[in-house]
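Numbering (this note's numbering), first residue to last: 1458 to 1893. A short worksheet on the structure shown next.
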Amino acid sequence: MPSVSTGASTTVGASPAASVVSSAASVASSAPSDSRMVPGGPGYRRMSLALFLAGVATFALLYSTQALLPLISGDFGVTASTASWTVSAATGALALFVLPLSALSERFGRRTLMTASLAIAVTVGLLVPFAPSVGWLIALRAVQGAALAGLPASATAYLAEEVRPKALITAIGLFVAGNSVGGMSGRVITGWVAQEWGWRVAVGVIGLIAMGCAVAFRLLLPAPKHFKTGSLRPAVLVRTVRDHLSNPLLRRLYAIGALFMTVFGAVYTVIGYRLTDAPFSLPQGIIGSIFLVYLVGTVSASTAGRLVGRLGRRGSLYLAGGTTTSGLLLSLADFLPLVLLGLVLITAGFFAGHAVASSSVSHTAKEGRAQASALYQSAYYVGSSAGSTLGAIAFHSGGWAGTVALGLLAVAGVVTITVVGSHAARVERRLVAVQH
1458 MPSVSTGAST TVGASPAASV VSSAASVASS APSDSRMVPG GPGYRRMSLA
1508 LFLAGVATFA LLYSTQALLP LISGDFGVTA STASWTVSAA TGALALFVLP
1558 LSALSERFGR RTLMTASLAI AVTVGLLVPF APSVGWLIAL RAVQGAALAG
1608 LPASATAYLA EEVRPKALIT AIGLFVAGNS VGGMSGRVIT GWVAQEWGWR
1658 VAVGVIGLIA MGCAVAFRLL LPAPKHFKTG SLRPAVLVRT VRDHLSNPLL
1708 RRLYAIGALF MTVFGAVYTV IGYRLTDAPF SLPQGIIGSI FLVYLVGTVS
1758 ASTAGRLVGR LGRRGSLYLA GGTTTSGLLL SLADFLPLVL LGLVLITAGF
1808 FAGHAVASSS VSHTAKEGRA QASALYQSAY YVGSSAGSTL GAIAFHSGGW
1858 AGTVALGLLA VAGVVTITVV GSHAARVERR LVAVQH
């Protein structure tokens, strides 16, 4: 899946982890600033490289099978919808475990949890090539996704405690860059390796790359100096989560993030099957390289802050939805340049919409922002899991047109929710005016 997040409403990054930037900044401001890391200071480069490599490993592992689904289908003799569970199981487990692991990091420490998460995920990644059946493969991927949930839960908290506030967004941006590079390169590498040696060797190569990243991460990351052990208080966490879920605006933002990710997950899970079939009949290496389109999303996400300044949050969401819709319709053509242009527009629209929604979560939540952002990440990965599975089912039933129809339905949901939000905002303004 895609691997992009956002920061505060004025600064947009490129990965779900970065959606807690404003939360992290508020935490950082409460700790002593004189002894924390700054660019050029002791430990900063080591820390930056360590978290960059952690981001690479996380998203390379998380989406390692996405570009290989046609080969997995052929090897095990299963349909696209069954093979898609190798992606859905990982992202779904991450969505389920990101919130509880964020609580565990408060008790056992950020570096400890990140190290354990990577170690488990890499170990499972080295077992994945030996899966004897598709059932075992899906189970291993679920364990891998659950383990990887410890990274977004801890990385930004570590940075908030160890980096000075003015350098925080830059530091988080490097982690986000690692997410993007890992998500993109993992798909590209697996595509070319699988073309020559098969999907098992391809995911094994990703496991070895992730292992190297994990070892370097542990050796490079400076020991925390400002972490304070917290107690595990489920009642507090439950109350905070309940408060966020009772906020209508946050609920709408969570739904928007999930729906945008449903489109994205469906398209990029199934696109390999579409391009393998006639009239395109592309080789696996070329199909893997299609994921270079992610670079377009990095650009669109980075400009979303200026877009919101010009059009407002709702106007930006309408534009993102319209761009995604145009891309979906263009992708129906049996002409490769138009399909690629469609993917560019889908990617640009998704990343812009995700950037606006996730940054708005940080802006909206006045308390418990880390939990608010964790809930957004959960919704985001639920959307990824649902998109992968439903997109494959739609493709199996109605071909690429079926997957596009699912995407259009999800975009319609985004637009409907945004319209409802606009109406609710107008009603609230009228009530405030009447009261005054």
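Note that the Cβ used here is the ideal one computed from N, Cα and C, for glycine as well. The structure presented is a predicted model; accordingly, all values stated were derived computationally and were not measured.
Residues of its chain near residue i, where Cβ-Cβ distance is below 7 Å and the 5 sequence neighbours each way are ignored
i	result
A1858	L1789
R1644	Y1520, Q1523, A1524, G1745 and F1748
T1539	V1591
R1771	T1875, G1878 and S1879
L1707	H1701, V1818, T1821, A1822 and A1829
T1515	L1605, L1608, N1636 and G1639
A1881	P1705
A1576	A1671
F1737	L1793
Backbone secondary structure at residue i - three-state DSSP
i	result
S1472	With a pLDDT of 42 at S1472, under the threshold of 50, the predicted position of this residue should be treated as unreliable, though the coordinate-derived value follows. Three-state result, S1472: coil.
V1884	helix
V1693	helix
V1620	strand
L1896	The displayed coordinates of the chain run from 1458 to 1893. Any statement about residue 1896 would go beyond what the structure contains.
S1492	coil
T1515	helix
E1563	helix
V1478	Since pLDDT at V1478 reaches only 41, below the 50 mark, its modelled position is unreliable, and the value read off the structure follows with that caveat. Looking at V1478 - three-state DSSP - the assignment turns out to be helix.
T1522	coil
D1532	helix
L1789	coil
A1814	helix
H1820	helix
A1588	coil
G1655	coil
P1609	helix
H1683	coil
G1643	helix
S1505	helix
P1557	helix
A1541	Before going further, note that residue 1541 is Ser rather than Ala in the sequence given. Residue state, collapsed to three classes: coil.
P1499	coil
Where residue i falls, given that 16 or more other Cβ within 10 Å makes a residue buried
i	result
E1618	buried
A1849	buried
T1873	exposed
W1649	buried
Q1892	exposed
A1735	exposed
F1792	exposed
R1699	exposed
S1816	buried
A1869	exposed
I1743	exposed
R1709	buried
G1531	exposed
G1769	exposed
S1773	buried
L1764	buried
L1676	exposed
S1574	buried
G1766	exposed
F1554	buried
L1832	buried
A1547	buried
S1703	exposed
Neighbourhood of residue i by C-beta distance below 8 Å, restricted to the same chain and skipping five residues each side
i	result
V1529	This sequence places Ile at residue 1529; Val is not what is there. Cβ neighbours of I1529 beyond the five flanking positions: T1522, V1535, A1540, T1543, V1591, L1594 and W1656.
A1715	A1836, Y1837, V1839, G1840 and A1843
L1665	L1583
A1862	A1851 and G1855
L1570	L1558, L1561, S1562, G1607, A1610 and S1611
Own chain, CB closer than 6 Å to residue i, minus 5 neighbours either side, in chain order
i	result
F1674	A1507, L1510 and A1511
L1694	A1560
P1740	Q1652
A1550	A1599, G1602 and A1603
L1526	A1540 and G1729
F1717	F1807, G1810 and H1811
Anticipated Cβ contact below 8 Å, residue i with residue j, distance rounded
i	j	result
M1668	V1579	5 Å
G1799	L1787	4 Å
T1860	V1658	Their Cβ separation, rounded to whole angstroms, is 29 Å, which puts T1860 and V1658 out of contact at 8 Å.
T1719	A1596	Between A1596 and T1719 the Cβ distance is about 24 Å, and since that is not below 8 Å, they are no contact.
V1871	T1804	Contact flag wrong, Cβ pair sits at about 16 Å.
V1727	V1660	Between V1660 and V1727 the Cβ distance is about 19 Å, and since that is not below 8 Å, they are no contact.
Distance cut-off 6 Å: residue i Cβ against heavy atoms of the ligand GDP
i	result
F1554	The ligand GDP is not part of this structure, which contains no ligands at all.
Min CB distance residue i to chain D below 7 Å
i	result
E1824	Of the protein chains in the structure, only one exists, and it is not chain D.
Legend entry - Runs of alpha helix (DSSP H) wholly within the stretch 1696-1779 (minimum 4 residues, chain order): 1705-1733, 1741-1746 and 1751-1759
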